[in-house]
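The listed protein sequences correspond, in order, to chains A and B. Under this note's numbering, read the first sequence as residues 704 to 800, first letter to last. Under this note's numbering, read the second sequence as residues 2 to 371, first letter to last. C-beta: ideal position from N, C-alpha, C; glycine also. Computed from a predicted model, the values in this text were never measured in an experiment. Data first, discussion second: the structure below is written as structure tokens.
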Amino acid sequence: MFRRRPEAAPTLAIRVDGVAVPARAGESVAAAMLAAGLLRFRDAPAGGAPRGPYCMMGACFDCLVTIDGVGNRQACLETVREGMAVETQSGPRALAR
Amino acid sequence: MADEFDIAVVGGGLVGAALAWGASGAGRRVALLDEGDLALRAARANFALVWVQGKGLGLPDYAAWTARSAAAWPDLAAALGGETGIDVRYGRPGGLHLALSEAELERRAAWLGRLHNQSPPYTVRMLDRAETARLLPAIGPDVVGASFCPDDGHCDSLRLFRALHAGFQRRGGRYRADSAVDGIRHAGGEFRLATKRGEIRAAKLVLAAGLGNARLAPMVGLAAPVRPQRGHILVTERVAPFLAHPLATLRQTGEGSVMIGDSQEEAGFDTGVDTGVAAAIAARAVRAFPLLARANVVRSWAALRVMTGDGFPIYEQSAACPGAFLATCHSGVTLAAAHATVLAPQIAAGALAPELGVFSARRFDVPAAA
Chain A
704 MFRRRPEAAP
714 TLAIRVDGVA
724 VPARAGESVA
734 AAMLAAGLLR
744 FRDAPAGGAP
754 RGPYCMMGAC
764 FDCLVTIDGV
774 GNRQACLETV
784 REGMAVETQS
794 GPRALAR
Chain B
2 MADEFDIAVV
12 GGGLVGAALA
22 WGASGAGRRV
32 ALLDEGDLAL
42 RAARANFALV
52 WVQGKGLGLP
62 DYAAWTARSA
72 AAWPDLAAAL
82 GGETGIDVRY
92 GRPGGLHLAL
102 SEAELERRAA
112 WLGRLHNQSP
122 PYTVRMLDRA
132 ETARLLPAIG
142 PDVVGASFCP
152 DDGHCDSLRL
162 FRALHAGFQR
172 RGGRYRADSA
182 VDGIRHAGGE
192 FRLATKRGEI
202 RAAKLVLAAG
212 LGNARLAPMV
222 GLAAPVRPQR
232 GHILVTERVA
242 PFLAHPLATL
252 RQTGEGSVMI
262 GDSQEEAGFD
272 TGVDTGVAAA
282 IAARAVRAFP
292 LLARANVVRS
302 WAALRVMTGD
312 GFPIYEQSAA
322 CPGAFLATCH
332 SGVTLAAAHA
342 TVLAPQIAAG
352 ALAPELGVFS
362 ARRFDVPAAA
């Protein structure tokens, strides 16, 4: 669905559900995931429908993922870091972790 | 004629919608006049509790009225579900009021003692920390105990609101948005209501306009001494279930959101959010349940309760204008069942039962004893 522009070549890697995903310094987690073809970021707590980024600007809360163990982070607002551990979510965030 | 009704209910919030739904059907033509989206509308910020614990201290009739409504709630939920297909998600797991210090626990126990002297029609008992932790494993170290009432419950009040409106319209009721009432005339045995969308004529009139009742009631020879009392609500992101029982100040919805609330402020008609108040109720919530420190608040707002001087409802019929009724309270969710199934039929029949006489606003005319 998305392709990287030639000047936006990856410079680092994050891990999404344990798999290395190329990313470019300065871009958002959501951008890196979308560029890698990952569209299903989570399943909605109410109804279980698959969800992914909609607004890409912090308003819709549809791109929620777990980042470095903290749930419900907005992937479109989080900047990638080398080695960042991202997990897609199923159902509501558990506060215990 | 489209603008002639048997009953006109002024106020499309929870009180008005419950009365309109309860009074409609059986061939009655009922209109529900709503101010619109800019209305102060206490229903915007209710906490969705069906709550009896502590209600009616000082007025046993109110304790009885509340308990009667709570007891009728399962039937209300079933009836609304059957008529509209909307599940209002009512549940009665029992509710708690947490104490975060020994002093708070003592105050709560003393309060319970006063309540027991009044023989309330519901059971409340004090729990120690271990008993509280069995019901609410996520409590923090500051929680020393709680009061518990098995009759307390909660619902999804947005669904309740929708179901009452949908049920009202399915029963043939006419909902009119953007129809604030500017004036009321009583002549020839009917009421003529002036709205910017035209005149409404009705044989009976119900004032259920919340804070608006203060302005409307004198038009039909009644008094509604109500004032706004602000309350804040914070709502967190949806999180995995951790709270099996509602608290007076905190509950988790079916979708997983946590609602934090119950501030009580005298701020006039200001509905603005006071970040100091919001921070205070958030801090108390985190003391009660430390895991909430990790939760993100996604919405916060404030709205105005409809309060009388003693906190109890006003139900009254006008002597000067027979057929005009006044209904106001600040527990529109808890009392929805009593309003729909007890009060509304009385209004439709034309007279309030003598047992409701204690809720007349005339009680505020008595000079306070020194």
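Original post:
Does the beta carbon of Leu-694/A sit closer than 8 Å to a beta carbon anywhere in chain B?
Top reply: As displayed, chain A neither begins before 704 nor continues past 800, which places residue 694/A out of reach and without an answer.
**OP:** Return the residues of the stretch 250-282 of chain B that lie within a Cβ-Cβ distance of less than 7 Å from chain A, sorted by chain order.
**Re:** Within the stretch 250-282 of chain B, those residues whose Cβ lies closer than 7 Å to any Cβ of chain A are, in chain order, Glu-256 and Gly-257.
Subject >> Among Arg-163/B, Glu-103/B and Gly-92/B, nearest to Asp-152/B - alpha-carbon criterion >> reply: Mapped onto the second sequence, residue 152/B falls at position 151. Nearest C-alpha to Asp-152/B: Gly-92/B.
Original post:
With 16 other CB atoms within 10 Å as the buried threshold, where does Lys-205/B fall?
Top reply: Residue mapping note: residue 205/B aligns to position 204 of the second sequence, counting from 1. With 16 or more Cβ atoms within 10 Å of its Cβ, Lys-205/B is classed as buried.
**OP:** Answer with yes or no whether the minimum CB distance from Arg-285/B to chain A is below 8 Å.
**Re:** In the second sequence, residue 285/B corresponds to position 284, counting from 1. Judged by the 8 Å Cβ criterion, Arg-285/B is not in contact with chain A.
Original post:
Between Asn-214/B and chain A, is there a C-beta pair that is closer than 8 Å?
Top reply: Indexing the second sequence from 1 puts residue 214/B at position 213. Closer than 8 Å: no.
**OP:** Grab the span of the beta strand (DSSP E) containing Ser-180/B for me, first residue to last.
**Re:** Stepping through the second sequence from its first residue, residue 180/B is reached at position 179. Secondary structure note for Ser-180/B: it is in no beta strand (DSSP E), with a DSSP letter that is neither H nor E.
Subject >> Cross-strand partners of Leu-128/B (DSSP beta bridge) >> reply: In the second sequence, residue 128/B corresponds to position 127, counting from 1. DSSP, once it has assigned bridges, lists Ala-147/B as partnering Leu-128/B.
Original post:
Candidates Val-145/B, Thr-250/B, Val-11/B and Ser-319/B: which alpha carbon is nearest Leu-101/B's?
Top reply: Counted from its first residue, the second sequence places residue 101/B at position 100. The shortest C-alpha separation from Leu-101/B is found at Val-145/B.
Original post:
When you compare only the Cα positions, how much space is there between Arg-160/B and Val-359/B?
Top reply: As a first step, residue 160/B must be located in the second sequence, where it is residue number 159. As a first step, residue 359/B must be located in the second sequence, where it is residue number 358. Going by the C-alpha atoms only, they are around 32 Å apart.
Subject >> Burial state of Leu-217/B (16 or more Cβ within 10 Å) >> reply: Your numbering for residue 217/B matches position 216 in the second sequence. With 16 or more other Cβ atoms within 10 Å, it is buried.
Subject >> Cβ-based contacts, 8 Å cut-off: residues of the stretch 295-316 of chain B near chain A >> reply: When CB distances to chain A are screened at a threshold of 8 Å, the residues of the stretch 295-316 of chain B falling below it are Arg-295, Ala-296, Asn-297 and Val-299, in chain order.
Original post:
So the alpha helix (DSSP H) Phe-162/B belongs to, where does it begin and stop?
Top reply: Counted from its first residue, the second sequence places residue 162/B at position 161. Annotation for Phe-162/B: the continuous alpha helix (DSSP H) segment containing it runs 158-171.
Original post:
What first and last residue would you give for the alpha helix (DSSP H) that runs through Gln-347/B?
Top reply: What you label residue 347/B is simply residue 346 of the second sequence in a count that begins at 1. Looking at the DSSP string, the run of the alpha helix (DSSP H) that includes Gln-347/B is 345-350.
**OP:** Give a yes or no on whether the C-beta atoms belonging to Gly-23/B and Ala-341/B are separated by under 8 Å.
**Re:** Against the second sequence, residue 23/B aligns to sequence position 22. Against the second sequence, residue 341/B aligns to sequence position 340. One thing to note: Gly-23/B has its Cβ within 8 Å of the Cβ of Ala-341/B.
**OP:** Report yes if the C-beta distance between Val-361/B and Glu-317/B is below 8 Å; otherwise report no.
**Re:** By one-based count along the second sequence, residue 361/B stands at place 360. By one-based count along the second sequence, residue 317/B stands at place 316. Rather than Val, the amino acid found at residue 361/B in this sequence is Ser. Cβ atoms of Ser-361/B and Glu-317/B: closer than 8 Å.
Original post:
With 8 Å set as the bound, which would you pick, yes or no: does the beta-carbon of Ala-749/A sit closer than that to a beta-carbon of chain D?
Top reply: Absent here is chain D; the protein component of the structure consists of chains A and B.
**OP:** Please list, in chain order, all residues of the same chain as Pro-291/B whose beta carbon is under 7 Å from its beta carbon, the five residues on each side excluded.
**Re:** Position 290 of the second sequence holds residue 291/B. Excluding positions up to five away in sequence, the list reads Gly-141.
Subject >> Start-to-end residues for the beta strand (DSSP E) that takes in Ser-258/B >> reply: What you label residue 258/B is simply residue 257 of the second sequence in a count that begins at 1. Note, Ser-258/B: premise wrong, no beta strand (DSSP E); not H, not E.
Subject >> contact_flag[the stretch 116-125 of chain B, the stretch 56-75 of chain B] where n(CB pairs < 8 Å) is 3 or more >> reply: By the criterion of at least three beta-carbon pairs nearer than 8 Å, the stretch 116-125 of chain B is in contact with the stretch 56-75 of chain B.
Original post:
Given that a residue counts as buried once 16 or more other Cβ atoms are within 10 Å of its Cβ, and exposed if not, what is Gly-324/B?
Top reply: Position 323 of the second sequence, counted from the start, is the residue given in the question as residue 324/B. Classification of Gly-324/B: buried, given that the 10 Å Cβ count is 16 or more.
**OP:** Using a Cβ cut-off of 8 Å (strictly closer), state whether Ala-241/B contacts chain A.
**Re:** Locating residue 241/B in the second sequence gives position 240, where the first residue counts as 1. Yes, because at least one Cβ of chain A sits closer than 8 Å to the Cβ of Ala-241/B.
Subject >> Any chain A beta carbon closer than 8 Å to Leu-248/B >> reply: Residue 248/B sits at position 247 when you count from the first residue of the second sequence. Chain A, which has no Cβ nearer than 8 Å to the Cβ of Leu-248/B, makes this no.
Original post:
Considering only the beta carbon of each residue, do Ser-158/B and Thr-335/B sit closer than 8 Å?
Top reply: As a first step, residue 158/B is located in the second sequence; it is residue number 157 there, counting from the start. As a first step, residue 335/B is located in the second sequence; it is residue number 334 there, counting from the start. Taking 8 Å as the Cβ cut-off, Ser-158/B and Thr-335/B do not qualify as a contacting pair.
**OP:** Evaluate Leu-780/A with the Cβ neighbour count: other Cβ atoms within 10 Å of its Cβ, from every protein chain shown; 16 or more gives buried, anything less gives exposed.
**Re:** On the first sequence, position 77 is the one that residue 780/A refers to. With fewer than 16 Cβ atoms within 10 Å of its Cβ, Leu-780/A is classed as exposed.
Original post:
What residues of chain B sit near Pro-795/A, judged by a beta carbon separation below 7 Å?
Top reply: The residue given as residue 795/A occupies position 92 in the first sequence. By Cβ distance, chain B contributes Arg-239, Val-240, Ala-241 and Gly-257.
**OP:** Pick out whichever of Asp-311/B, Ala-338/B and Ser-332/B has its Cα sitting closest to the Cα of Val-367/B.
**Re:** As a first step, residue 367/B must be located in the second sequence, where it is residue number 366. Selected option, being the one with the closest Cα: Asp-311/B.
Original post:
What is the rounded straight-line gap between the Cα of Ala-716/A and the Cα of Pro-138/B?
Top reply: As a working mapping, residue 716/A is identified with position 13 in the first sequence. As a working mapping, residue 138/B is identified with position 137 in the second sequence. Their Cα atoms are separated by approximately 40 Å.
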